[in-house]
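Numbering (the working numbering), first residue to last: 1 to 301. For glycine and all other residues, C-beta sits at the position ideal for the given N, C-alpha and C. Computed from a predicted structure; not experimentally measured.
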Amino acid sequence: MAASSVKIIEVGVRDGLQNEPTPVPTEIKLKLIEKLVASGLSVIEATSFVSPKWVPQMADHQQIMQQLPQNSNVNFPVLTPNIKGFENAVSAGAKEVAVFAAASESFSKKNINCTIDESIQRFTPIFEQAKAKEIKVRGYVSCVLGCPYEGEISPDKVSEVANKLYQNGCYEISLGDTIGVGTAGKTKTLIETIKNLIPINRISVHFHDTYGQALANIYAALELGISSIDSSVAGLGGCPYAKGASGNVATEDVVYMLNGMGVKTGVNLDKLIDAGEYISQYLNRNNHSKVANAILAKRNT
Ligand code: HMG
Ligand code: MG
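As structure tokens, this is what we get:
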């Protein structure tokens, strides 16, 4: 049975924009964040403290952190691939970070230039300093339902990596279907395998919607008791190191489905749609949320 409320982690500003080829001005990102805050979202991934040579779009991480909305109860986690990123994030004011590993060796090398084991070793000083500084650490595992370079990935491999992150101190593990190839049956098998090691309330799902399966997969995850979902306003996004991967499932579509199921999110759908329209118009891009498009068409009649 689905949980009565779900936490949504809005990743549009980070996962959604990181792949944009031309720099999105900092003030546009901040305006988007302001609109997402106004919609009632309580977790908004703000940026990544990664190398600007690898992901130029996130090079303004410092400026973003300096100008985040104050006096809000919103949590603004940021990605940190190594201790350098962690130190920079913390000195810029981050209260929560996310480390990111992969269940595929090839993807790990392409994305963060090291093996899976090396990545876990790199995270060790982050875990130590985070504990000392009372900073929360979230953990991502990429390629949980398939890899652009290796194809099928076994649930046992995903479990092993996820559990290492969990045992090292991540309070929540986000399972990333980086290239959106997963289907509901495979999602179910994966979560059933992992929940033998990690409590269900410590597992999040992160679906890209490349094959149009994301909502079905989320529904399968909800039925197993998942209550934490990553999504991206207007379905923005893609990963620079996963060619052809499309954006995350649209937050508007997730909220609409949860509203229909009577599951609380605390998000105002109309305001969320305004945020999605703002960034889609700036990028001169079709809004990838079907729900947003349907509601906007109705608004305009
Ligand atoms: P590297 O080249 O092996 O690193 O990259 P290095 O330690 O040899 O350093 C190279 C240069 O980068 C040096 O500068 C460092 O100072 C600098 P130089 O001496 O040449 O001037 N550097 C940094 N600068 C700023 N911040 C840092 C940092 N670290 C080193 N933190 C590294 C290794 C991990 C840095 C690189 O591979 C990287 O930044 N990768 C990030 C890739 C990325 O952001 N991918 C997208 C996010 S993951 C994702 O989208 C998946 C997810 O959504 C879930 C899913 O969908 O599956 C989370
Ligand atoms: Mg992603």
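Local conformation of residue i per DSSP, three classes
i, result
"K195", "coil"
"A264", "Sequence inspection shows Lys at residue 264; the Ala mentioned does not correspond to that position. It is a strand residue."
"A151", "Looking at the sequence provided, one finds Gly at residue 151 rather than Ala. If DSSP states are grouped into helix, strand and coil, G151 belongs with the strands."
"A132", "helix"
"T26", "helix"
"G276", "helix"
"H288", "coil"
"P125", "helix"
"P52", "coil"
"K157", "helix"
"A2", "coil"
"S91", "helix"
Residues sharing a beta bridge with residue i, DSSP
i, result
"I8", "I229"
"A98", "L79 and R138"
"D177", "F207"
"I44", "E10"
"N248", "H208"
"E172", "R138"
Inter-residue spacing [alpha-carbon to alpha-carbon] between residue i and residue j
i, j, result
"S231", "A46", "13 Å"
"F313", "I9", "For residue 313 there is no data in the structure shown, the boundaries of the chain being 1 and 301."
"K35", "V291", "18 Å"
"R285", "A132", "43 Å"
"G247", "H208", "5 Å"
"K302", "S159", "Since the first residue of the chain shown is 1 and the last is 301, residue 302 is not available in this structure."
"T210", "G244", "8 Å"
"D156", "S228", "22 Å"
"P125", "A184", "36 Å"
"R202", "T301", "43 Å"
"K7", "I173", "14 Å"
"I112", "G262", "40 Å"
"N268", "T187", "28 Å"
"Q213", "A221", "12 Å"
"Q18", "T80", "14 Å"
"C143", "S104", "6 Å"
"V55", "E20", "10 Å"
"S4", "K264", "6 Å"
"V181", "S42", "28 Å"
"Q67", "H206", "27 Å"
Residue i Cβ short of 8 Å to ligand 1 heavy atom set
i, result
"Y171", "no"
"Y241", "yes"
"M58", "yes"
"L79", "yes"
"G176", "yes"
"K53", "yes"
"N111", "yes"
"S142", "yes"
"S48", "yes"
"K186", "no"
"T11", "One detail in the question is off: residue 11 reads as Val in this sequence, not Thr. Yes, ligand 1 has a heavy atom inside 8 Å of this Cβ."
Residue i beta carbon near ligand 2 (any heavy atom closer than 8 Å)
i, result
"G237", "yes"
"G182", "no"
"H206", "yes"
"D209", "no"
"N88", "no"
"N217", "no"
"D270", "no"
Candidates the options: closest to residue i by CA position
i, options, result
"F107", "S91, P148, T124 and Q121", "P148"
"I83", "T115, V97 and R285", "V97"
"S72", "S39, V78 and E87", "S39"
"T178", "S228, G225 and E152", "E152"
"L224", "G266, N196, L269 and G237", "N196"
"L272", "S228, V255, H288 and N259", "V255"
"A2", "S289, L236, I226 and V90", "I226"
"E277", "N287, V43 and V249", "N287"
"G176", "N201, G169, P199 and N217", "N217"
"A89", "N113, L283, T115 and A59", "A59"
"V249", "L215, Q281, A221 and V99", "L215"
"F49", "D253, C170, F76 and E252", "F76"
"V161", "V141, G146 and S154", "V141"
"C170", "G237, I44, E20 and I120", "I120"
"Q167", "G180, Y282, R138 and G182", "R138"
"Q281", "T251, Y241 and V233", "V233"
"S51", "K95, G85, F100 and I191", "G85"
"P199", "N163, T189 and Y219", "N163"
"L130", "E87, D274 and E192", "Reading off the sequence, residue 130 comes out as Ala, not Leu. Checking every option, the nearest Cα to that of A130 belongs to E87."
"A92", "V78, F100, A102 and G146", "V78"
Neighbour flag for residue i against chain B, beta carbons, 9 Å
i, result
"T47", "Here chain B cannot be found, since the structure has a single protein chain."
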